[in-house]
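J.:
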């Protein structure tokens, strides 16, 4: 039996989700922001059963760095053997850069 995969959110991903919430509050559409956040979290939770579901991030072409596309967002995560770390939740049109 394989080990259960755990999911963590990097501080950068938590800040990204907070920014999404703030943006939609400023646009006077807080319900849209809340819906996006719930959908993003739901997509991330599905990675427990299907950790390789995301495609490799094209900018890096590294098997461990993957992303889910949830328009208009990219959910970028690092895939380890028994852990997934969500590192960013960005607008789809942004290109990723290494820090």
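Residue numbers (the working numbering): 1 to 99. Built from N, CA and C at the ideal position, the CB exists for glycine as well.
Can you tell me which of 50, 79, 71, 38 puts its alpha carbon nearest to the alpha carbon of residue 64?
T.: It is 79 whose Cα lies nearest to the Cα of residue 64.
J.: If I measure Cβ to Cβ from residue 55 and keep anything under 7 Å in the same chain, skipping five residues before and after, which residues do I get?
T.: Counting only Cβ-Cβ distances below 7 Å, and skipping sequence neighbours, we find 66, 67.
J.: Look up residue 45 in the DSSP assignment and say whether it is helix, strand or coil.
T.: Helix at residue 45.
J.: Is it buried or exposed, residue 74, if we count other Cβ atoms within 10 angstroms and call 16 or more buried?
T.: It counts as buried.
J.: What would DSSP say about residue 32, mapped onto helix, strand or coil?
T.: Three-state DSSP puts residue 32 in a helix.
J.: Buried or exposed: which applies to residue 13, given that a residue is buried once 16 or more other Cβ atoms fall within 10 Å of its Cβ?
T.: Classification for residue 13: buried.
J.: Could you give the residue range of the alpha helix (DSSP H) that holds residue 67?
T.: No alpha helix (DSSP H) holds residue 67; the beta strand (DSSP E) holding it covers 65-70.
J.: What residues match up with residue 83 in a beta bridge as DSSP calls it?
T.: Residue 83 pairs with 6.
J.: Between the C-alpha atoms of residue 86 and residue 49, what's the straight-line distance to the nearest angstrom?
T.: Roughly 15 Å separates the two Cα atoms.
J.: Within 10 angstroms of the Cβ of residue 52, are there 16 or more other Cβ atoms? Answer buried if so, exposed if not.
T.: So residue 52 ends up on the exposed side.
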